[in-house]
Each structure stands twice: as C-alpha cells, then as structure tokens.
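Heads up: the structure comes next, in structure tokens.
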Amino acid sequence: MKRILIGLFALFVFSYAQGQDLIQLPLDTAVIYGKLDNGLTYYIRKNSYPENQADFYIAQKVGSMQEEDSQSGLAHFLEHMAFNGTKHYPGRKTMLHYLEKNGAQFGSNVNAYTSFDETVYNLSNIPITRSGILDSCLLILHDWSGFISLENKEIDQERKIIKEEWRSRSGAVSRIWDKILPVLFEGSKYANRMPIGSMDVVENFEYQELKDYYKEWYRPDLQGIIVVGDFDAKDVETKIKNLFSDIPKPKEAKERIYYTVPDNEEPITIIATDPELTSTSIALHFKYDTKSKEFKQSIQGVYSSILDMFISHILSARYREIAQKSDAPFLRASVSNGAFLVSRTKMAWNISASCKEGQITQVLEALIRESERAKKFGFLDSEVDRIKENLLQAYANSYNNRDKQRTETYSNEYVNSFITDGPIPGIETMYSLIKQLLPQINADVLNNYFKSINLTNNSSIVVTGPEKSQLVYPSAEELVALIKKTKLEDLTPYQEESLDEPLISQLPEKGKIVKIEESEFDTNTWTLSNGVKVVLKNTDFKDDQILMRSVSPGGISLFDDHEIFNAALIPNIPSIGGLGNFNNVNIGKKLAGKSVDAACSITQITQGVNMSSNKKDIETALQLVYLMYTSPRQDKQAFDAYTEQLKNALRNAGMQPSVAFRDSISHAMYGDNPRTKNIEIKDIATLDYNRMFEMYKECFEHAAPAIFTFVGTIDEETLRPLVEQYLATLPVGDKNKGIKDRDLKINKGKTIVHFTRDMETPKTSVYNLYSGVLDYNQKNKIALNIFNQVLDLVFTRTIREEEGGTYGVNSNVEISQFPLGQTTLTMSYTTDSSKVENLNKIALQEIKRIAEEGPELTDFNKVLEFIKKNHADRIKTNNYWLSIINTYNFYGEDNYTLYLNLVNSMTPNDIKNIAKDILDQDNFIEVIMFPI
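For reference, each letter of the sequence shown is one residue, going 5 to 936 in the numbering used here.
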C-alpha cells in the first residue's frame, strides 16, 4: 500500500501542476464496501474496541428537502414512527423494549436524527454476546428500511409528542433561524424546510400522506447500512446480502434532487432580532459551488482541504490574538470553510464574530481589515509551520492509536462518507499521504492559493441580536458601504514576536523520589522529597496515551462568602493571562506540534491539574503542570478583555425566561446563601484581579498534600527523572490547609413557587426536588443510580409516550460528598400550561409508587443490564482508572473491587427502600414558571 501511495503521490505532484486528471484515493482495505442489485450500499468493518459490542446504522439520503409544502415535518415525523412498530417488532416501543432488555438505553444507544438532506438511525454500543442479538439488530435495520407499520393510532399519539418537542426547542435561536433562512436561501427550497416542520401540518395531515411519503422515499437506492463491531465481517456481509437483497428497487422511482442555491451579485444583508436573544453576532458568508464526489475522494481534494484548513486556522488565530486586547470590538471571532449553513449544494467561506453590544460596525471593520491584511501581505512562514506541526501530530496520534480506535469513530466516518461523499482511505493511507503533502506547503504556496479564494462576491451579511429599543443596528446599506470603505484602508503586515525562549527559563534543582511501594489496583506509588505522592498505573487501553490528575484539599471552601465571585473565577487565571513568560496566545503557539493539554481544576473542596499527553511529549506536559503550580502569568489587559466578555454575556441574560426559572430554583433551594448565587452584571465591578491572583496562589502553593495519578502507556524509567525535575520541586506551602466547612445545605421542609413570565413561545417549565441526607457509601450510590435510570424509563413510558405531555423528562438522583450525604431527586420538563396539573400528578405518583412498591421488575432488570454493559466498557479505558485510583487515594473510597458484586446483589427492594428513605424526610421543592 505504501509503495502504491508513493506512486500516486508522484503522479499527483505532476498532475496538480499540470491541471490534469484527479488521482483517486484508495478505499480503506479494512472496510468491506458493496452495493446490492437493488441499490442499497453497505459498509462493514470488524473492530474490537470495545469488545463484544457493535454499532448498526441505516442512513437515508432523505430529509426535509424531499417534502412539499403540504408535507412540512413529515420526514421528522417518520423518524419518530420508526420506534412505534415495525413488521417484526409490532406495537409501540416493542423494539425498544427488546433492546433495553439486552443492555441498550434509549437516547444513549438507540436514537435517530432528521436533517435537511438525510435521516440517520442508530443502534450504538449494542452487546452482541448473546445468541441472536446481531441478527435481531440487522432485522431492525431491515424493518426501518421499508417495513415501518405506521398504524393510525400510533400516528395520532406521536403528534402530541412532536408538538412538545417543537415547544421545548422553540426559543430565540430557532426563531432567528426562521427569520434568516427564507432570506439567505430565497429562490431555493432550503428557504422553508426546517426539519421540525409546520405544527399545522404535524397536527392535521392525513394518515395516507405519511404512508405515501414513506413509500416514495424510503428505498434501497437511497439507503446505506453501516455495521462496525466485534464480529466476523464476512459473515455479516453474507447476512446483509441475504436479508436486504429481497427488498425491491422501486420502478419509476422519483428523482432524488439535490436542490441548488441561487448565486447573488449584490450582498444579501439580514438584520434579525429577537426579544429573548441575549448577544449580538455577525457572520459573513462567501458562497461557491460544492465540489464533485470525484474531487472530494481524490488526492487533489485532500490537498485542497488541507490548504483551506491552514487558512481557517491561521486567520482564526489572528482573530483570537485581537480578542485578547481589552479594546477589541469582538469577544471572539473565527474563520471556517464548509457547507453553506444547511445546504448540500453550496459551500462557503464563513467569517463570524460575537460582538460587544453596540459595536457591530467596529467588528465588521476588524473582520474585513484582517482578511484584507492576509490577502495583501500573506501569511508568515512561522504561522504555516505551526499548523503543519499540529496537523502532523494529530495524524501521528491517530496512527499510533489506530488499533485502539473506538467503534463509533468508524461508524460516524462511514455514515458521513455515505451522506456527503467524503473519502475513507484509512489512517495508514492518510498519515502516509499527509507526511508527503505537508513538505509541499509553505507560505508562498498558501498565499497564492488564498489569493484565488473569493471573499468578495456571492456574499451575505447576517447580523443577529437582542430586540430592545435602546440598541440601534446599522442599516443594510451602511454595512455594505462599510465593507467597501474598509477594503480601501492602508494596512501594515501582520507581525508576531519571537518565541525562542524555553517554557521554563530556569529549571529548579531536582528533587528526589524517596520511597517506592506497590499499591492498590496494580499501581506503584512514589513519595517525593517535597511530600508529593505520585501513583502510576501502566495500561494498554491505548497505544500512546498518558493521563494525569492531581488533587489536594481546599478549593473554593478556603475563601469566605464575601469573596465568592472572585473565588468562582480563579480556575480561569491560566487561560486568561497565560503561564511563565508566555501570554495565552503565545503559549498556544509555543506548543505547536505537541500533543499536550493541561488545565487547572478548582471545585468546592479541591484543586488540582488535569493533563493529557503522548509518550513523546510527556516532558512538555509536565512543564505545563509545573508552571500552573508555580508561575501563573498576570495580564491586566487580558483580564479586562475577559470581564468584557462576562459583561456581554450577562447584560441581556434577564431577557431569557430560563434565567428567571434558574434563579427561582436556586433561591427556593438555598435562599439568600451568597455561595450559591449566580454572578450578575453588577457584580463584575467588584471583581479584583489582584486578589484573584493571590487566591489562585493560595490554592496551589501547598502542593505537598497533593496526589498525582498517572494512567496510560507509562515508561517508569523515562518518567522518573521528569517527576524529580518538575513534581518533586513543587512548593510545599502550608500543609495544614484543608477543606473548610461551608454551608451548602438545601433548605428543609416544603416550598412551592409558582410564577408567570412573559415569553415569545408560551410554555410551562416544571422543576420538582426531593432532598435529604443518606449514608454516603458505595451501595447507596449504586442504588441511587439504578433509581435514576428506572425513573428515566418510567417517565418516558408514562409522561412522554402515554400522555404525550412532553418531549422528555430530565431526572437526576445523586448523593454528594460535600455536603456529605446530601441526596437529591430532581425532575424537570416543559409542557403546555393545560397539561401541568395532570403531568405533575402522574410524575409524583410514580415516584411515590416506587417508594411504596419498588420498581417494576422489567425496568429494574433493564437498568442492571445497561449498568453491567457500561461497566465492562468503562473498565477498559484510562479515564475510568484515573478516576478510580484518584478517588481511592484522595477520599479513601474503593469504587472498583466490590462494584459488580454490589450491582449483582441489588434487588428491587433496595430501590424501594432508598426511595422511601428520601421521601420520608419530607423535604420537597416545586418551582413552576407559567407564561403570561
């Protein structure tokens, strides 16, 4: 394969220079790809990560674009109906019931989505150890392809659920989309094809209309089957051929049209506002026709997409640099190249920004000015080299871990290939190709390519923002004139400062490892000369991954109530100012080509650093950790820019009904406790950057009690001198600092809060909470987790499916470490005002029924199957062991050794008892927000 690719690359270099034929990429040899006589396409791949599981997808090249005006919403409606009865799984949710009994969970593992040009159904992470499950999942795909029952009574039941889905998603953003799409796509069918559809159609269409739509568009020539997992791929291919070949290809099938989007000579300008929108944005789009399938799947196509990516990343980096300045007119800005919003037939270069309120014209000037600067003076070699290093490192990481890629990575890749014609050559081919293409790219090549890109014609300008009287927006004519004026400005070339100095200018004298001992979970523990403990677990779950987490006691609990807003923001200190001698922008540049990530974490009771790396870059990663503990960088200008972002985020927050609902819940739970209040715009003036900086140092000056846990592909001999250099030298500080007891207890007794709120789309929001205190132990944590998942099943069955009262109920049952043992049972949903009383009665009755009778055995068994499947998957990941070991060493909790024994010993009676324990404490809060 490598020799073939080298030959293809040599041919590419010649053909690209001569403008000759496209050189097609080969198909990944690990994929079994084929097409049946009836037109159905399939992709099959064996992958054993995770073991004994598989993904099953059916992708349809059918979406809302295939609807006529009178069918608006039928594509999405049909997606819902696929779960409400098929040929081999008749009846509402029979199929789901079968899958749940075998360890699948609705939403997580069984789901679907409908878009403008496709509808995709998935069964993900399905256990296939039991006999017949693989065959059954293929049969489900078969039924979805053309054997959905579409019974009249089920159609009527689903109308109510979809109406509630529409209600739950109808907010400021969806209304803005409804305003801008008809203008941007005028003259195209895309102008009025939002997948949720028209509620007038959804509530009133004739049964036969949906059945006719299904028969017309769900057909094998528009369908792709994607199956990836731990199985014999050839055997699965045989099964697919036997099962799907008998589906007839329709005679005189209606043409599947990919609808075009008209070009425009003059800029299309839209200014769209909404009373509940909280921020102002501007987006520039420069359209062009999408590339052909042959081009996308060619070496030339890959090369072109790489150049596009270089331009997007470099320009976005320049905008990020500007945003760090306190006088920047925008909060953030970026450049991208891809589909023109929802269109499959038009691509676009997109420049977008989040604006400081009232500064739209200044933002537009800055966006145009920077793109023109790049057009006129080009990019620097240093900028190009950084992107090359980052891209090469990203592909190297994928290549090095190629044998431990999770199944969903391949499933998503093949679905995308079927839907958008993307190439699937495999990581071996792509990595080899990237290593040959990147040396051909330099600043001159990129600058010449950028000059060929249209950032003038076929354009649109979209401004969105809050609708309020005191905010004046520029006119369309003013925006167009401003662009022309800005393009005439005299500009100077972009410059950047040298980054030659090392991350750490002067290394401290090394410390030592003073003690080595074996410890729990096949780990080794090193005690360092400064008192820090390092715990190491070597794994093979990935071929090149190292994760680290440090933790020590303290956190926000260290600080008094009057400093709570300062304390809440101190985790942002490194991301605001940077580290060592490097500001936030330059440290990103300095890390080009490094596979490292590090971020500080400060919770109510702990502080520490989370880090990830590969083997090659572990020293750089540890340098970042050292700097986070010892050398946060203070940058007042960057802090001022950050507070401007906060002001803009909070200035109009009260316009959203959800904010009033959130604040009412918080007040009902905690009253006027200052530690639970959300920051408001008036509080920003009280923030003290110098004090925040001091507070950060107070958290991280006492590294001595800290435990550093490493999990992954660890070479202890390589790691030893690095630990002695960067961790054994961390400051000791006050070892006696610990967790301070702060009042975060939920109010006791019964609290009912009902209020009204003006809103654009009327809907009622409901929040119910039971609280209490239970013993904090592993058995109770498992029982509460089971209770939570049982409630999900119960509420889906009753409130969603039987009543059609809401699109979904969010329930959560958990017990906290701080305050110790505080336990909460919450449920929330949105619905129509007329349904609240009945739905709330049902919900509370179901909770009480479980407390009195226990969960239904069927529900209980389904949850246990899912928990055991999920556990078998998680124990083969580095993140799982990082959490297990960290929790054991810091809190003294062993959440692994007895976990499965406790799960298997659970009975419905345990769930009944723990539910009763919560309800018997008689603490209940109900918050309901009604529309005016």
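Note that the Cβ used here is the ideal one computed from N, Cα and C, for glycine as well.
- Message: Between D692, H671, A689, which has its C-alpha nearest N682's C-alpha?
- Response: The sequence position of residue 682 within the sequence shown is 678, counting from 1. With distances taken between Cα atoms, N682 lies closest to H671.
- Task: Give the straight-line distance between the Cα atoms of P606 and D182, rounded to the nearest whole angstrom.
- Result: One-based indexing of the sequence shown puts residue 606 at position 602. One-based indexing of the sequence shown puts residue 182 at position 178. Looking at the sequence shown, residue 606 is not Pro but Ile. Looking at the two C-alpha atoms, the distance is approximately 41 Å.
- Task: Leaving out five residues on either side along the sequence, give the residues of the same chain with a beta carbon under 6 Å from the beta carbon of S616.
- Result: The residue you call residue 616 lines up with position 612 of the sequence shown. L551, D601.
- Message: Suppose you measure from the CA of K839 to the CA of E168; what does that come to, to the nearest Å?
- Response: Taking the first residue of the sequence shown as 1, we reach residue 839 at position 835. Taking the first residue of the sequence shown as 1, we reach residue 168 at position 164. When rounded, the distance between both Cα atoms is 11 Å.
- Query: Assuming N42 contacts I229 under a Cβ cut-off of 8 Å, what Cβ separation, rounded to an integer in Å, is found between them?
  - Reply: In the sequence shown, the residue the question calls residue 42 occupies position 38. In the sequence shown, the residue the question calls residue 229 occupies position 225. Going by Cβ atoms, the distance from N42 to I229 rounds to 12 Å, so no, they are not a contact pair.
- Taking Cβ positions, are S554 and I718 nearer each other than 8 Å? Counted from its first residue, the sequence shown places residue 554 at position 550. Counted from its first residue, the sequence shown places residue 718 at position 714. No.
- Limits of the unbroken alpha helix (DSSP H) element including L540: For the purposes of this step, residue 540 is identified with residue 536 of the sequence shown, where counting begins at 1. Here L540 belongs to no alpha helix (DSSP H); instead the beta strand (DSSP E) covers 537-542.
- Task: Could you tell me which residues DSSP puts in a beta bridge with D762?
- Result: For this step, residue 762 is matched to residue 758 along the sequence shown. For D762, which the question treats as bridged, DSSP gives no partner whatsoever.
- Query: First and last residue of the beta strand (DSSP E) that includes V555?
  - Reply: Sequence index remark: in the sequence shown, residue 555 carries index 551 (1-based). Run containing V555: 550-557, per the beta strand (DSSP E) assignment.
- Going along the chain, which residues of its own chain have a beta-carbon closer than 6 Å to the beta-carbon of G38, five neighbours each way excluded? The sequence position of residue 38 within the sequence shown is 34, counting from 1. Excluding residues within five positions, the ones whose Cβ falls inside 6 Å are Y46.
- Mind reading off the beta-carbon distance from P271 to V536? Whole number of angstroms is fine, and I expect it under 8 Å. As a working note, residue 271 is residue 267 in the sequence shown. As a working note, residue 536 is residue 532 in the sequence shown. Incorrect: roughly 60 Å between the Cβ atoms, too far for contact.
- List the residues that DSSP assigns as beta-bridge partners of C604. Your numbering for residue 604 matches position 600 in the sequence shown. C604 pairs with V613.
- Item | Range covered by the alpha helix (DSSP H) that runs through G150 | Working through the sequence shown from its first residue, we reach residue 150 at position 146. Counting along the chain, the alpha helix (DSSP H) containing G150 begins and ends at 137-150.
- Task: Provide the residue(s) that pair with S358 in DSSP beta bridges, ordered along the chain.
- Result: Residue numbering aside, residue 358 sits at position 354 when the sequence shown is read from its first letter. Answer by DSSP bridge pairing, in chain order: S285, R336.
- Message: So within the segment 447-521, which uninterrupted beta strand (DSSP E) runs reach at least 3 residues, ignoring any that extend past its ends?
- Response: 463-470
- Message: On the DSSP letters alone, give me the boundaries of the alpha helix (DSSP H) that A855 sits inside.
- Response: Counted from its first residue, the sequence shown places residue 855 at position 851. First-last of the alpha helix (DSSP H) with A855: 840-857.
- Task: Look at the alpha carbon of N196 and the alpha carbon of W170, and state the distance between them as a whole number of angstroms.
- Result: Working through the sequence shown from its first residue, we reach residue 196 at position 192. Working through the sequence shown from its first residue, we reach residue 170 at position 166. Cα-Cα distance, rounded: 16 Å.
- Message: Please give me, in chain order, every unbroken run of the alpha helix (DSSP H) with length at least 4 that falls completely inside the segment 159-215.
- Response: 176-188, 203-208
- Item | Exposure label - N908; buried when at least 16 CB within 10 Å | Here residue 908 corresponds to residue number 904 of the sequence shown, with the count starting at 1. Exposed, by the Cβ-count rule.
- Task: For the alpha helix (DSSP H) holding E369, just list the boundary residues, first then last.
- Result: Here the question's residue 369 lines up with position 365 in the sequence shown. Counting along the chain, the alpha helix (DSSP H) containing E369 begins and ends at 364-381.
- Task: If I'm right that N458 touches F290 with Cβ under 8 Å, what's the distance once you round it to whole angstroms?
- Result: Working through the sequence shown from its first residue, we reach residue 458 at position 454. Working through the sequence shown from its first residue, we reach residue 290 at position 286. Confirmed, Cβ separation roughly 6 Å.
- Proximity winner among S172, A787, T284, T690, relative to V467 (alpha-carbon distances): Locating residue 467 in the sequence shown gives position 463, counting from the first residue. The option with the nearest alpha carbon to V467 is T284.
- How many whole angstroms separate the CB atoms of D59 and N129, which I take to be in contact at a CB cut-off of 8 Å? Stepping through the sequence shown from its first residue, residue 59 is reached at position 55. Stepping through the sequence shown from its first residue, residue 129 is reached at position 125. 7 Å between Cβ atoms; contact.
- Taking the alpha helix (DSSP H) that S415 falls in, what are its first and last residues? Taking the first residue of the sequence shown as position 1, residue 415 is located at position 411. First-last of the alpha helix (DSSP H) with S415: 411-424.
- Query: What residues in its chain sit with their C-beta under 6 Å from that of V339, if we drop five residues either side in the sequence?
  - Reply: Counted from its first residue, the sequence shown places residue 339 at position 335. S316, L319, S320, I355.
- Message: Rounding to the nearest angstrom, what Cα-Cα distance links G382 and N56 in this structure?
- Response: Residue numbering aside, residue 382 sits at position 378 when the sequence shown is read from its first letter. Residue numbering aside, residue 56 sits at position 52 when the sequence shown is read from its first letter. Going by the C-alpha atoms only, they are around 52 Å apart.
- Query: How about Y453 and R322: do their beta carbons lie closer than 8 Å?
  - Reply: Position 449 of the sequence shown holds residue 453. Position 318 of the sequence shown holds residue 322. No.
- Message: Quick check on L29: does DSSP put it in helix, strand or coil?
- Response: Locating residue 29 in the sequence shown gives position 25, where the first residue counts as 1. Here L29 sits in coil by DSSP.
- Item | CB of L923 within 8 Å of CB of Q782, strictly | As a first step, residue 923 is located in the sequence shown; it is residue number 919 there, counting from the start. As a first step, residue 782 is located in the sequence shown; it is residue number 778 there, counting from the start. No. Outside cutoff.
- Does DSSP put Y61 in a helix, in a strand, or in coil? Within the sequence shown, numbered from 1, the residue matching residue 61 stands at position 57. If DSSP states are grouped into helix, strand and coil, Y61 belongs with the strands.
- Confirm, please, whether the CB-CB distance from I580 to D639 is below 8 Å. As a working note, residue 639 is residue 635 in the sequence shown. As a working note, residue 580 is residue 576 in the sequence shown. Yes, the pair counts as a contact, with Cβ atoms nearer than the cut-off.
- Could you round the C-beta distance between R336 and A357 to whole angstroms and report it? I think they count as a contact, below 8 Å. As a first step, residue 336 must be located in the sequence shown, where it is residue number 332. As a first step, residue 357 must be located in the sequence shown, where it is residue number 353. Right, their Cβ atoms sit about 7 Å apart.
- Message: I need the DSSP call for D667, collapsed to helix, strand or coil.
- Response: Taking the first residue of the sequence shown as 1, we reach residue 667 at position 663. In this structure, D667 counts as helix in the three-state DSSP scheme.
- Query: Can you list, in chain order, the stretches of the alpha helix (DSSP H) that have 4 or more residues and sit fully within the segment 246-300?
  - Reply: 297-300
- Measuring alpha carbon to alpha carbon, tell me which of E505, P636, P578 ends up nearest K594. Taking the sequence shown and counting its residues from 1, one reaches residue 594 at position 590. Minimum Cα distance to K594 is reached at E505.
- Query: Across which residues does DSSP place V114 in a beta bridge pair?
  - Reply: Locating residue 114 in the sequence shown gives position 110, counting from the first residue. Its beta-bridge partners are F110, L127.
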